[in-house]
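In UniProt numbering, the protein residues as written are 1 to 468.
Below is the structure:
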């Protein structure tokens, strides 16, 4: 029984998280309790297979987390996203896209998808995107006769694009975890000058899969509009213009709504792709650009700035406290021999690395029904990452596969966070079952993207190779 203590630790942490306890305290508290059990059993002369010397590395882990340059991108990207949310960029963008595509069947759905993509590339915050789109576009779509399931499903799915389209907070955190896992895997293979995988590699690798997902979403909306015209009827452009109340016509609105966020996206992603800046430096560019946009839109005052700084501080402290708990969990898991246990389990699986990868993706997918992406990133990935990478998987490909899989955790009922976000702002006339029905086709599309990546890994690995 004692040899399975690492799996018991993992299972208990998942149960405590499901009970609603804070992630950071759950990781640290449960791990400390298990460490105490291991040391207590050994003091009684019982072999608990626990190596307490691993805990001596905890101070160094903490210092490494606090001095990690990559993680500086987290508060800066969060600051950028919150500033853009406060500057009402999404509102102007939605109006411009609605006027551009609204006269087509399914045009409002296509508009929501394109705006979701642009917001993902400029804010990277799923909750803010879903809530904003739900407040601004859902009433218009329902008023124009869109089916409740299509409207809510499109908004939820496009809101989650912030998970995969860079700059993404999820990719920053995943990149940091995978970087440590990749070095650990190489050291276990006797490679004493290990190669590295950076957040920038994941950003570049996510571009093609992210854009393919956008195309799939648009194709699905267009297909439903063709198959069931009553589910996505066209809107009259003149009526939309009068309803939105904008002066100066479509061209002026496009210039006002589209050019500023596009310029910010080009500045952030262009600096990374062009090799002019690291993701951390690009995040500073993005935060400054968002500040300039907020000033230009005259949306920045003392109260707004206070709210922005408070929200940024809240998210940043949450992430770093989770990192502290995750570091302790990782050390206790390894102290019980968890790494060797997982390696033995994977090696004994039928199908070798293919079978092991399939099982890991399946576990992550089902954990997404009950756990948040941050919890999965810091609990599951440090356990399976080193073993899978030591079996020869490409770290960028594995990272993008996990990122898209984690994206589904925002959509999978009953605990998908995007569903909760939209439920909170949707009219009472929209039943929760309509939201659940609406997201199912988009979950299928994301699973199809995972399958395509499995058979064509170059979708994720080709572009990063061109920039090396």
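The C-beta atom is built at its ideal place from N, Cα and C for all residues, glycine as well.
For the 9 Å CB-CB criterion, residue 202 and residue 171 form a contact.
Excluding its 5 nearest sequence neighbours in each direction, residue 196 has C-beta neighbours in its own chain below 8 Å: 179, 182 and 183, listed in chain order. The region 164 to 220 contains, as complete alpha helix (DSSP H) runs of 4+ residues, the segments 169 to 188 (chain order).
For the options 273, 349 and 259, the alpha carbon positioned closest to that of residue 119 is the one of 259. Between residue 422 and residue 130 the beta-carbon gap is near 6 Å, inside 8 Å, which marks them as a contact. A direct Cα-to-Cα measurement between residue 3 and residue 326 gives close to 22 Å. Take residue 225, set aside five residues on each side of it, and the residues of its chain with a beta-carbon closer than 6 Å to its own are 105, 106 and 232, in chain order.
Sequence-distant Cβ neighbours of residue 331 in its own chain, meaning closer than 8 Å and more than five residues away, are 31, 54, 55, 57, 58 and 61. For residue 419, the uninterrupted alpha helix (DSSP H) run begins and ends at 417 to 425, by DSSP.
The DSSP-derived three-state label of residue 69 is coil. In this structure, 420 is the residue among 280, 448 and 420 with its C-alpha nearest to the C-alpha of residue 134. Taking all protein chains shown into account, residue 189 has fewer than 16 neighbouring C-beta atoms within 10 Å of its C-beta and is therefore exposed. Annotation: residue 377 to residue 304 spans about 32 Å, alpha carbon to alpha carbon.
Here residue 18 has 370 as same chain residues with Cβ atoms under 7 Å from its own Cβ, once five neighbours each way along the sequence are excluded. In the structure shown, residue 63 falls within a helical segment according to DSSP collapsed to helix, strand and coil. DSSP places residue 144 in the coil class of the three-state scheme, outside both helix and strand.
Put simply, of 386, 389, 443 and 316 the residue whose alpha carbon is nearest the alpha carbon of residue 66 is 316. Under the criterion of beta carbons closer than 8 Å, residue 76 and residue 286 qualify as touching, at roughly 7 Å.
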